[in-house]
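Protein sequence lines, in the order shown, are assigned to chains C and G. Residue 1498 in the numbering used here sits at position 164 of the first sequence, and the numbers go up by one each step. Residue 124 in the numbering used here sits at position 81 of the second sequence, and the numbers go up by one each step.
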Amino acid sequence: MLEVTTLTKKYGNVLAVDSISFTVNPGEIGVLLGPNGAGKSTTIKSIAGLLRFKGTISICKLDNKSIDAKKVFGYVPETPALYDALTVYEHLAFIAKAYNLDEGWQAEADRLLSIFDLTDKQDKVGKDLSKGMCQKVSLCCALLINPKVIMLDEPMIGLDPKAIKELKKVLIQLKEQRCSVLISTHIIDSIEELWDKVLILHKGKFAAIRTRSEVDKSQESIEQLFFKVTEEGE
Amino acid sequence: MQPLLYIIKRTLVNTIKKIIKRPLLLIGYTLGILFVVFILILSFLDSSFNSYGSYDLFFSLAVTALFIYAYFTLKKGIDNGSSFFRLADVNMVFTSPIKSNNILFYGFLKQLTQIFSFSLLALMQVPNLRRFFSISQFGVLIILIGFILYMLTLPIISMIIYSYTSKNIKRRKIAKIILNLLFLAVLFNIVFQIIKEQTLLEGFTMAMSTKFISYLPVIGWNGQIIAYAISGITPSFYVFLGLSISSIFLLILWLYSIEKDYYEDALVSTEFKESVISTKAKNGFFGIGSLTKIKSVSFTFTKSGAMTIFQRSYLELRKTGMLLFDKVTIMILVFVIIMRVVFYEGSILFVLLISVYILFLSNVNGRFTQELSKHYIYLIPVHNTTKLLAVTAMANLKNLLDGFILFIIAGFLYKQSIPLVILCGFTYASFGSIYLYGDLLARKLFGSFHANALKIFFKILLTLLILTPGIILAVIVLINSQSFINTVLILLSYNIFMTTILLLISSTIFKYIELG
């Protein structure tokens, strides 16, 4: 479970995120939406443990910056940066070592590589991969650890239609395995059939947090909801 | 630590494998290493070097260089911090369950390997140092040690300062004021001593080789280490070495004790570093960087066809304020004045030699990368040669203007005739043209090389090959006629001839080269 409580982040005098709280429960897919500059990236980087902040963030009841929390946390960043001279397979081997994965991780690695059509690319080095392939490797790395909480920042960008289809399948599988999933995206259509909870950030605060049943009841699409809450008072 | 060592090990193994798999790459690297070794051996075998610089002068120059480097590094550090990491580390290592002190040590190891490879390139400057100072055989190694230790220390200091000042703007401002005051104090001391001693050289040496500066932590200690390159190793060398190494360990401990959560600082500076790397890759080393301020300029395009390319270049230069003098021109000018005033060295021919050498170094990364990485140039419906002329016109014009300003000053300093000054200005610009079009030819010939360092090495070789006949001809004319005007005239004629040939060969670059 991912729990964010009164998260506040300031850059100098600029308040990027203002005391936001939310939870993504096990088996739930949360979608973080918001216009540019709303504070999404700051929220994501804070959850990933890359920023200092006020408030608390816990991953499976553990402080997000603790070693134990990191062991169960998968992260797919917006910019998939890989090591230039490491092959695809070596990236996975590094993750296996870094997360101290059990023997037999290779089978899972092979499965992931096959899902994302990277089996024949596994000996290619990071420098020689296209942006889409880098994104796929980044996804494989995050999924290899069998996370209890996974956060994906614009995961569909750069992926081919087959990979998007496979990723959606994987996300549903994760949900079935009681993993908490948080996706940040601008492409609302891409997550239409996946989400359970939508979190709309605007000017550093939540403009709306709705579950799917709440949105269904209101007979609004999340796109309509997004424009309604972000354009109010503009 | 094991997973982090895995990254370093595999990076090294894969790089070696790649080199072995490609014989051309292997030959290239071997040639490159042999070239550096050859230059070093040659500089030590040739006893004709006029090594008159004193130990104090060498120490003063070394410490001044360290001060200047520290000033800019720390200033940048206050704004953006400093990072040993790349974005891949942030995404994969920072988010992994590896202890942050192990990650810091890993960053430190990475920095060490990067500095070491950079130091190898710096070795090529040893013959120039040998020209003025009697550097001992182990001197090169000593300079390298001092250089590497210093390059390792400054980023840690930067990170420490950043972690204290990043919390609020007021602290940042205070830190900048303190830094400026410290360096103004050093400058004031130099000026004061020069006025007191009445000679530039002695005043400068007196100011910068005091005991106080020698014992100054980090800058003084590393300056001392570097200066042992002249005096040779004595027991006190090991004392300064020990001080320098222990200061690195103490600074790491300090950094770790004040800020275990350094990820945010490292993230900010890594993102900054990535943007600088990508700017350099796109625009070349002297391109418009992310720090370059872009002025607002009102401008209307009045021309059509190829001339719009020229007008765009002109607009860019106006916006970046690099129309006349940029850092390369200033660097050359400062060097020429130092040579003349401090060392009483050389002649206008020497200035020409040095200025075209610095111009060459500034062109090593190429000035065309920015133009070639964008698709517009390939699509504009104009003949390729016209396009190439239009693209390079601004650069050629700038070289010409720079050349004239430079040689008017040099002509004044060396009391030379106006025709010679004019010829030198044109010759300077003609060398610039050879570098420009030679760069394009190198792209045509070596464009497929993956390793940038190797590409640069072959480009250097190619340019030397193009220039050598002209230089030989000029030397023959100089020996026979003893006339600077004839010598420069020959150089200029040869360069114009070669530029025309290069222009014709390389004009097809816009036709056949693949974008990107």
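For glycine and all other residues, C-beta sits at the position ideal for the given N, C-alpha and C.
>> Does the region 1447–1454 of chain C come into contact with the region 1374–1381 of chain C, if we say contact requires no fewer than three beta-carbon pairs (one atom in each stretch) closer than 8 Å?
In response: Too few Cβ pairs lie closer than 8 Å, so no.
> Are the region 1421–1430 of chain C and the region 1485–1504 of chain C in contact at 8 Å, needing three or more beta carbon pairs?
Replying inline: These segments do not touch.
> What does LEU1533 (chain C) pair with, by DSSP beta-bridge criteria?
Replying inline: As a position in the first sequence, residue 1533 (chain C) is number 199, starting the count at 1. Looking at the DSSP assignment, LEU1533 (chain C) forms a beta bridge with C:LEU1366, C:ILE1543.
> Using a Cβ-Cβ cut-off of 6 Å (strictly less than) and excluding sequence neighbours within five positions of ILE331 (chain G), which residues of its own chain qualify?
Replying inline: Mapped onto the second sequence, residue 331 (chain G) falls at position 288. Unreliable placement is indicated for ILE331 (chain G), whose pLDDT of 44 sits below 50; the coordinate value is still reported in the next sentence. Only THR363 meet the Cβ criterion.
> Considering ASP445 (chain G), what are the terminal residues of the alpha helix (DSSP H) in which it resides?
Replying inline: Here residue 445 (chain G) corresponds to residue number 402 of the second sequence, with the count starting at 1. Counting along the chain, the unbroken alpha helix (DSSP H) around ASP445 (chain G) starts and ends at 427–457.
> Taking the C-alpha atoms as reference points, what is the distance between ILE391 (chain G) and ALA453 (chain G)?
Replying inline: For this step, residue 391 (chain G) is matched to residue 348 along the second sequence. For this step, residue 453 (chain G) is matched to residue 410 along the second sequence. When only Cα atoms are considered, ILE391 (chain G) and ALA453 (chain G) end up about 6 Å apart.
> Terminal residues of the continuous beta strand (DSSP E) containing ALA1350 (chain C)?
Replying inline: Here residue 1350 (chain C) refers to the residue found at position 16 of the first sequence. Secondary structure note for ALA1350 (chain C): its beta strand (DSSP E) is the uninterrupted segment 1348–1358.
> How would you call GLN1511 (chain C), buried or exposed, if buried means at least 16 neighbouring beta carbons within 10 angstroms?
Replying inline: Looking up residue 1511 (chain C) in the first sequence gives position 177. By the C-beta density criterion, GLN1511 (chain C) is exposed, having fewer than 16 other C-beta atoms within 10 angstroms.
> So, helix, strand or coil for LYS1343 (chain C), using DSSP?
Replying inline: Reading the first sequence from its first residue, position 9 is the one you call residue 1343 (chain C). Looking at LYS1343 (chain C) - three-state DSSP - the assignment turns out to be strand.
> In the structure shown, what three-state DSSP assignment does GLU1437 (chain C) receive?
Replying inline: As a working mapping, residue 1437 (chain C) is identified with position 103 in the first sequence. When secondary structure is reduced to three states using DSSP, GLU1437 (chain C) falls in the coil class, being assigned neither helix nor strand.
>> Residues in the same chain with beta-carbon distance under 6 Å from ALA272 (chain G), minus the five sequence neighbours each way, listed in chain order, please.
In response: The sequence position of residue 272 (chain G) within the second sequence is 229, counting from 1. Excluding residues within five positions, the ones whose Cβ falls inside 6 Å are ILE178, GLY182, ILE185, ILE186.
>> Just to confirm before moving on: does the CB-CB distance between ILE380 (chain G) and LEU466 (chain G) stay below 9 Å?
In response: The residue you call residue 380 (chain G) lines up with position 337 of the second sequence. The residue you call residue 466 (chain G) lines up with position 423 of the second sequence. Not closer than 9 Å, so no.
> Sorted by chain position, which residues of the same chain lie with C-beta nearer than 7 Å to THR208 (chain G)'s C-beta, five sequence neighbours on each side aside?
Replying inline: Sequence index remark: in the second sequence, residue 208 (chain G) carries index 165 (1-based). Counting only Cβ-Cβ distances below 7 Å, and skipping sequence neighbours, we find ILE121, ARG214, ARG215, ALA218.
> Which term fits MET249 (chain G), buried or exposed, when burial requires 16 or more other beta carbons within 10 angstroms of its beta carbon?
Replying inline: As a position in the second sequence, residue 249 (chain G) is number 206, starting the count at 1. With 16 or more other Cβ atoms inside 10 Å of its own Cβ, MET249 (chain G) counts as buried.
> Taking the continuous beta strand (DSSP E) assigned at VAL1406 (chain C), which residues delimit it?
Replying inline: The residue labelled residue 1406 (chain C) in the question sits at position 72 within the first sequence. VAL1406 (chain C) -> no beta strand (DSSP E), and no H or E assigned at all.
>> Taking the alpha carbon of ILE1363 (chain C) as the reference point, which residue from C:GLU1526, C:LYS1562, C:GLU1557, C:ASP1397 has its own alpha carbon closest?
In response: By 1-based counting over the first sequence, the position of residue 1363 (chain C) is 29. The shortest C-alpha separation from ILE1363 (chain C) is found at C:GLU1526.
> How would you list, in chain order, the residues of chain G whose beta-carbon sits under 7 Å from the beta-carbon of ILE1556 (chain C)?
Replying inline: As a first step, residue 1556 (chain C) must be located in the first sequence, where it is residue number 222. By Cβ distance, chain G contributes nothing, its closest Cβ being about 28 Å from ILE1556 (chain C), past 7 Å.
>> Just to confirm before moving on: does the CB-CB distance between PHE101 (chain G) and PHE176 (chain G) stay below 9 Å?
In response: Residue numbering aside, residue 101 (chain G) sits at position 58 when the second sequence is read from its first letter. Residue numbering aside, residue 176 (chain G) sits at position 133 when the second sequence is read from its first letter. The Cβ atoms of PHE101 (chain G) and PHE176 (chain G) sit closer than 9 Å to each other.
> What residue does the beta strand (DSSP E) around SER460 (chain G) start on, and which one ends it?
Replying inline: Start at 1 with the first residue of the second sequence, and residue 460 (chain G) comes out as number 417. Segment: none, SER460 (chain G) is in no beta strand (DSSP E) and carries neither H nor E.
> Residues of chain G with CB under 9 Å from THR1413 (chain C), in chain order?
Replying inline: Working through the first sequence from its first residue, we reach residue 1413 (chain C) at position 79. Around THR1413 (chain C), the beta-carbon contacts reaching into chain G at under 9 Å are LEU130, ASN134, GLU317.
> How about GLU1554 (chain C) and ASP1523 (chain C): do their beta carbons lie closer than 9 Å?
Replying inline: Taking the first sequence and counting its residues from 1, the one referred to as residue 1554 (chain C) is at position 220. Taking the first sequence and counting its residues from 1, the one referred to as residue 1523 (chain C) is at position 189. Cβ distance not < 9 Å, so GLU1554 (chain C) and ASP1523 (chain C) don't count as in contact.
>> Whole angstroms are fine: how far does the CA of ASN265 (chain G) sit from the CA of TYR193 (chain G)?
In response: The count along the second sequence starts at 1 and reaches residue 193 (chain G) at position 150. The count along the second sequence starts at 1 and reaches residue 265 (chain G) at position 222. Pairing TYR193 (chain G) with ASN265 (chain G), the inter-Cα distance amounts to about 6 Å.
>> Alpha carbons only, please: which of G:LEU286, G:THR429, G:SER398, G:PHE342 is nearest the one belonging to GLY348 (chain G)?
In response: What you label residue 348 (chain G) is simply residue 305 of the second sequence in a count that begins at 1. If we check each option's Cα against that of GLY348 (chain G), G:THR429 comes out closest.
> Under the rule that 16 or more other beta-carbon atoms within 10 Å means buried, what is SER1514 (chain C), buried or exposed?
Replying inline: Reading the first sequence from its first residue, position 180 is the one you call residue 1514 (chain C). By the 16-neighbour rule on beta-carbons within 10 angstroms, SER1514 (chain C) is buried.
> Between the region 1404–1421 of chain C and the region 1472–1488 of chain C, do three or more beta carbon pairs fall short of 8 Å?
Replying inline: Note that the region 1404–1421 of chain C touches the region 1472–1488 of chain C; at least 3 beta-carbon pairs, one per stretch, sit closer than 8 Å.
> In chain order, what residues of the same chain lie with their CB nearer than 8 Å to the CB of TYR98 (chain G), ignoring the 5 residues before and after it?
Replying inline: In the second sequence, the residue the question calls residue 98 (chain G) occupies position 55. So the list reads ALA270, ILE273, SER274, once near-sequence residues are dropped.
> For LEU535 (chain G), which residues in chain C fall below 7 Å Cβ to Cβ?
Replying inline: Position 492 of the second sequence holds residue 535 (chain G). In chain order: nothing, as chain C lies at least about 43 Å away.
> ILE141 (chain G) touches chain C at which residues, Cβ-Cβ below 7 Å?
Replying inline: In the second sequence, the residue the question calls residue 141 (chain G) occupies position 98. Chain C residues near ILE141 (chain G): ALA1432.
> Under 9 Å between C-beta atoms, does LYS458 (chain G) make it to chain C?
Replying inline: The residue you call residue 458 (chain G) lines up with position 415 of the second sequence. Not one chain C Cβ lies under 9 Å of LYS458 (chain G).
> CA-CA distance, ASN57 (chain G) and ILE548 (chain G)?
Replying inline: Your numbering for residue 57 (chain G) matches position 14 in the second sequence. Your numbering for residue 548 (chain G) matches position 505 in the second sequence. Cα to Cα, ASN57 (chain G) sits roughly 36 Å from ILE548 (chain G).
> Which word fits TYR1345 (chain C), buried or exposed, when buried means at least 16 other C-beta atoms lie within 10 angstroms of its C-beta?
Replying inline: By one-based count along the first sequence, residue 1345 (chain C) stands at place 11. Exposed.
> Which first and last residues belong to the alpha helix (DSSP H) in which THR1377 (chain C) is found?
Replying inline: The residue given as residue 1377 (chain C) occupies position 43 in the first sequence. Per DSSP, the unbroken alpha helix (DSSP H) holding THR1377 (chain C) starts and ends at 1374–1381.
>> Using the three-state DSSP reduction, which class does PHE1387 (chain C) fall into: helix, strand or coil?
In response: Position 53 of the first sequence, counting from 1, holds the residue named residue 1387 (chain C). Residue state, collapsed to three classes: coil.
>> Can you check which of these residues, G:VAL377, G:THR345, G:PHE403, G:LEU358, is closest to SER339 (chain G) by C-alpha distance?
In response: Residue mapping note: residue 339 (chain G) aligns to position 296 of the second sequence, counting from 1. Out of G:VAL377, G:THR345, G:PHE403, G:LEU358, G:LEU358 has the C-alpha closest to the C-alpha of SER339 (chain G).
>> Quick check: ASN442 (chain G) and SER476 (chain G), are their CB atoms within less than 9 Å of each other?
In response: Counted from its first residue, the second sequence places residue 442 (chain G) at position 399. Counted from its first residue, the second sequence places residue 476 (chain G) at position 433. Taking 9 Å as the cut-off, the beta carbon of ASN442 (chain G) is found closer than this to the beta carbon of SER476 (chain G).
>> Can you tell me whether ALA1441 (chain C) is buried or exposed? The criterion is at least 16 other CB atoms within 10 Å of its CB, across all chains shown.
In response: The residue you call residue 1441 (chain C) lines up with position 107 of the first sequence. Flag for ALA1441 (chain C) reads exposed.
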